[in-house]
Amino acid sequence: MMKKKSIPASKPFLILFLCQIISALDVPLDSKLLEELSQPPTITHQSPKDYIVDPRENIVIQCEAKGKPPPSFSWTRNGTHFDIDKDAQVTMKPNSGTLVVNIMNGGKAEAYEGVYQCTARNERGAAISNNIVIRPSRSPLWTKEKLEPHQVREGDSLVLHCRPPVGLPPPIIFWMDNAFQRLPQSERVSQGLNGDLYFSNVQPEDTREDYICYARFNHTQTIQQKQPISVKVFSMDSLNDTIAANLSDTDIYGAKPVTERQPVLLTPTGSTSTKVELRGNVLLLECIAAGLPTPVIRWIKEGGELPANRTFFENFKKTLKIIDVSEADSGNYKCIARNTLGSVHHVISVTVKAAPYWITAPRNLVLSPGEDGTLICRANGNPKPSISWLANGVPIAIAPEDPSRKVDGDTIIFSHVQERSSAVYQCNASNEYGYLLANAFVNVLAEPPRILTPANKLYQVIADSPALLDCAYFGSPKPEIEWFKGVKGSILRGNEYVFHDNGTLEIPVAQKDSTGTYTCVARNELGKIQNEVRLEIKDPTMIIKQPEYKVVQRYGQVSFECIIKHDSTLLPTVIWLKDNDELPDDERFLVGKDNLTIMNVTDKDDGTYTCIVNTTLDSVSASAVLTVVAAPPTPAIIYARPNPPFDLELTGQLERSIELSWIPGDENNSPITHFVIEYEDGLHEPGVWHYQTEVPGTQTTVQLKLSPYVNYSFRVVAVNKIGRSQPSEPSEQYLTKSASPDENPANVQGIGSEPDNLVITWESLKGFQSNGPGLQYKVSWRQKDVDDEWTSVIVANVSKYIVSGTPTFVPYEIKVQALNDLGYAPEPSEVIGHSGEDLPMVAPGNVQVHVINSTLAKVHWDPVPLKTVRGHLQGYKVYYWKVQSLSRRSRRHVEKNILTFRGNKTFGMLPGLEPYSSYKLNVRVVNGKGEGPASPDKLFKTPEGVPSSPSYLKITNPTLDSLTLEWGSPTHPNGVLTSYILKFQPINNTHELGPLVEIRIPANESSLILKNLNYSTRYKFYFNAQTSVGSGSQITEEAVTIMDEGKMAGILHPAVGTGKGYSEILSATSPVMHTVRPTFYKVQPLYPRIRNVTTAAAETYANISWEYEGPDHANFYVEYGVAGSKEDWKKEIVNGSRSFFVLKGLTPGTAYKVRVGAEGLSGFRSSEDVFETGPAMASRQVDIATQGWFIGLMCAVALLILILLIVCFIRRNKGGKYPVKEKEDAHADPEIQPMKEDDGTFGEYRSLESDAEDHKPLKKGSRTPSDRTVKKEDSDDSLVDYGEGVNGQFNEDGSFIGQYSGKKEKEPAEGNESSEAPSPVNAMNSFV
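Residues 701 to 2028 in the numbering used here are what the sequence shown spells out, letter by letter.
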């Protein structure tokens, strides 16, 4: 016989199919199945029963329902049919029953007060909503009244009445002054539940004229203000002074001093009162007493204890608050007011009534034709509620009769149902305090079997483990399930199988022979269906060599092994743990394939190490303990972590703060440095402790800031240099009041993900930011620059909302406001977002190309209209590619280049083009979604450029007087080659160069024989190609003619310049000779060298240039450093084989050393050169006028000038002449006959510029020093003399930019070179 049982709870991971249990039939939660089955209507969402609306906004009465077929909706108002078609202000949302009453366009909310009920109906029944009572909120003004000032004697009691206007809902009352500051409250002065302000006894400081009561109506966000109340308190001293001023000296006067009084209750009055509260509500009891000293209030429950965890004291213990009251909280509550003179008490008799609440709510019933079922509706309340039934919204007594239905009080019994028995039944439980209404349908279905498990599903199970094969099914009547193994196998029976009610086949112990195909068959009277699944059995994973217990000395090495065996079709992963946690992030831990090795073991490595092997089907593990040992330490003082603090106490409880105190534990020989205070929120995160604050180790009390709606517990941890103590025992709990949110979500954004939506995101409030229960968000949006109203929706505690059906890429104003059950956060700020982008629609037009030179072109285009961009304009992309080279006419693989120009640019430069080539380009606009269409391809050509160097230059067949040159054409001709240029010159033994000879060779030649050369002579060759544009870069080579062995003895090398002329070098028959490629010998080049390193320095950079002799294609580098410093040389690599480089980032006014070297030539570098950067900007210079040495020098100069003036004055008065004057008198025109520098006589001036300007004076600073030497800074080839001197500009590659402008005028090296005769005044000016 087949064995059936339910799936054990210990194996939830094996359950691969869930179903919803509904009485007779189980309907699986399969979305496709549910869409196909007929179903009566079900109300899914409706407005609250008591619905208070804002009279300024549209009224939305919600009613949503589902069903198959989709239901239709109708409404009643005040018990009669509400025809919405006849009211222009009322509309119903499509595919919904939700009503929208348009108040903002002329409607009045008061006209729509009433009781509304929604009905959702389809062919299988009708569901109804609750009675929804619509009432507009009201915030009436305060009635005008004349308020007399209160004059009170010090120590008397006082009550300031608020008497707010009656609003809907009732307002929130608070007292403030004229400065909108809340009036301070205490045990002596406090606000009652009715809003009045009570003074147990008044003091002189209570005198003021601005006691103002405010009423806040949250629903309409308005605040009403009562007229200010004036209070004047007469102290005994001032009263005695007043009496004395009005009595004679003989009168006896004097007011009684302030007398203490025993407590008297201000509210409630009398000795007893009653209070009725509903179950589940909050019970608030209040006692406020007068007296001097101020009385203290205490609460007790007669004959019982106040309920733990639900009792709270507020308003300085004047208010007793019990949350979630039940019938057990009924009884007598006594408040006792006591001071030093006595006490008074009041007893409040509390009765807890109850609106109806469910014991068993009716549940939907799905039956097959001919089956039986029941609907049960049980509720409780105080008084006991009455139960009534409705069928499809009609009282069951007058509903159409159904022979299968029988009503028995709170139960409806169905027997032998048919498809026509489908209906929706309503249960109403009501008493004088409220009602409950529940819809439950009876759905009679006749459906053939369906199998919901996917066909050919594969199950993999480890051998000797249970296997569960699913056969999720549905049918009405309920199908019978049978299982077969194999295609033609027999039905499965026997104790080795377990058949579950949901169709699952369980094989308790699966073996290798269990592998195969299993067939599930479902049948009922309406049909039959089958499905196949496959089962594979895998070998278990095993650890065949487990890690073993190890003992190792400190700083040693240890290894644990973990060798495994597993099924070949499963991929295992091995994880090592230490003390059930991840291994430390330490390079000493080495994880191998089959082992774990720990290097340099320390005491911290002591513990349990576990090897875990996981596959997709199973997991095994093995552990071993590591013990680290060491020699016993020498006796020493034991330092330890402190003991935990104890005796935590909470005092001074306020809404947003509390004081915590504690007693420290033992320090254990290490002083406590600080205490860490942690808190637990028992309401939201019980068991999770958070950091609150920390205080110095000398402090044992702290004032803590609190947040609303948190059930706080605190604990304290002591910390010293050794570590942290164990936490103290938690303090008592303290629950803070709820409040509306203080802040709104941050980082609000609106970015569309599709062209027709707007995704609004924000950062959700976290933790305490909610300030109360029921955190939600009000998301509002409207299209910017369009006269639209805000559209708002309230969503649950999520961080995203998607607005669908938006136009493509339009701006929206967005705001997100937080709210909870107590109200809204402050009005949020608006942000601007955009709906989704789409690809641009048009391509840029009027694309024009202007070729600037052979490697650079400029492209222009017209911008596309912004409306066609359909997104954020990110820029334009230019696609360009080389079509072919005009010199070679050969096509190659097209490689497209892309340049992006950000923003709304209409032009761009295309660098790096190849000369003499044909290119194409197009332009596309780009937004955040992507690229738009391309413009039509534009063809342009680059002009010729200078060619690259010849690909090679070889010198072969050296003889006594000839050399053979062979070369390859340039790799990049960059145009049509016109010729080759060959230059060569001899080099003697001292590396001096002889005369340079130049030969022009036709472009179609590739070799040349040079004849009539000197024997045994080294020649240097310079070779380059030319186009019509100019010459390209040259390639150099050196070679030596062969020495005549017969004349070797006694022959000297010829001197440079004594070689034969150009006409003797070339062959007499032809200057260019083509020869068959001969066997050649490579000529060894000269040993390389770098010389003539020169620098031109500016303030923060320097241009370094040099001359190089040696092999071609050397890669140079520049090394530099601060002169005189022992720091390592800094190295900069030179790009290519250039002979110059720019050093950047130098320090102004600093001397540097520099040298140049060649890569790959060991130890080969130039000699060092020293240069100095220009001075820093004037703003960084030291003010020389404040230097002591300069002041002293100026004083000496002034004294010397004074003496010189006196001597000159005396000589002039005597008529004498000094030598300079004598020389002036000897020559009529000093400008024509200046002094010669070499012998001191006068000679003729000659202009340095041309002989045509013979009579012009020399430029200032143009003379050569008398020793005939030229200073380095005045050298003719110094770059400093071009343009702007040391501030001349260089390109990034080191090339000089700016025109050659002659030498810059310099100050004279010495003396005064003015053409005037020197005078004392001139002499002074020259000196200064």
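No residue lacks a Cβ here, since even glycine has one placed at the ideal position from N, Cα and C.
Take the alpha-carbon of E1119 and the one of I761: they are about 34 Å apart.
Listed in chain order, the non-local C-beta contacts of F934 below 6 Å within the same chain comprise R853, local neighbours out to five positions each way being set aside. Contact holds between the stretch 1617–1624 and the stretch 1567–1582, because three or more Cβ pairs, one in each stretch, are under 8 Å apart. Fully enclosed alpha helix (DSSP H) runs of no fewer than 4 residues are not present anywhere in the stretch 1675–1721.
When the alpha-carbon of Y812 is set against those of D1029, V833 and I923, the nearest one is in V833.
Judged by beta-carbon spacing, T1153 lies within the 7 Å limit of C1171, meaning their Cβ atoms are closer than that value. Per DSSP, K1238 is one residue of the beta strand (DSSP E) stretching across G1227 to K1238.
Between K1720 and I1687, the beta carbon gap of about 6 Å places them in contact (Cβ cut-off 8 Å).
Annotation: T1568 is outside any beta strand (DSSP E); the continuous alpha helix (DSSP H) that includes it extends over L1566 to V1569.
If you draw a straight line from the Cα of G1042 to the Cα of P928, it comes to about 35 Å.
A distance below 6 Å between beta-carbons, with the five flanking residues on each side excluded, links Y1412 to the following residues of its chain, in chain order: Y1379 and Y1434. Note that the C-beta distance between V1416 and R1424 is not below 7 Å. Here DSSP, grouped into helix, strand and coil, assigns R1120 to helix. Cβ contact annotation for Q1257 (same chain, cutoff 8 Å, sequence separation greater than five): T1297, I1298, M1299, N1300 and V1301, in chain order. Looking at the backbone, the Cα of E1002 and that of N1032 are separated by about 6 Å. By the C-beta density criterion, N1520 is buried, having at least 16 other C-beta atoms within 10 angstroms. Residue range Q1476 to Q1483 is occupied by the beta strand (DSSP E) that includes S1480.
The DSSP-derived three-state label of F1468 is helix. Comparing C-alpha distances from A1091 to each of N1015, G825, Y1135 and A879 shows the shortest one belongs to G825.
Contact between the stretch 1717–1732 and the stretch 1644–1661 is present: 3 or more CB-CB pairs across the two stretches fall below 8 Å.
Counted as a single uninterrupted DSSP element, the stretch harbouring V1209 is not any beta strand (DSSP E), since DSSP gives it neither H nor E.
When DSSP states are grouped into helix, strand and coil, G1073 belongs to the strand group. The three-state secondary structure of M792, taken from DSSP, is strand.
For K1577, the enclosing beta strand (DSSP E) begins and ends at G1575 to S1585. For V859, the closest of E1071, T1204 and V889 by C-alpha to C-alpha distance is V889.
Our two residues, Q1353 and F1414, have alpha carbons roughly 14 Å apart in a direct line.
Residue state for D1305 is assigned as helix, using DSSP reduced to three classes. Per DSSP, reduced to three states, the secondary structure at E1101 is coil, with no helix or strand assignment. Annotation: D1285 is outside any beta strand (DSSP E) and is labelled neither H nor E by DSSP. The beta carbon of T1315 lies closer than 6 Å to those of T1241, L1270 and P1272 in the same chain, with the five residues before and after it left out.
When T1847, D1869, F1864 and L1846 are compared, the shortest CA-CA separation from R1855 is found for D1869. The C-alpha of P1344 is placed about 42 Å away from the C-alpha of N1447. Residue P993 holds the alpha-carbon nearest to the alpha-carbon of N901 among P993, F1375, K1245 and L1226.
Linking E1454 to V1498 through their CA atoms gives a straight-line distance of about 21 Å. By alpha-carbon distance to Y1722, the top candidate from S1716, Y1715 and E1737 is E1737.
In the DSSP assignment, K1245 falls within the unbroken beta strand (DSSP E) covering M1242 to K1245.
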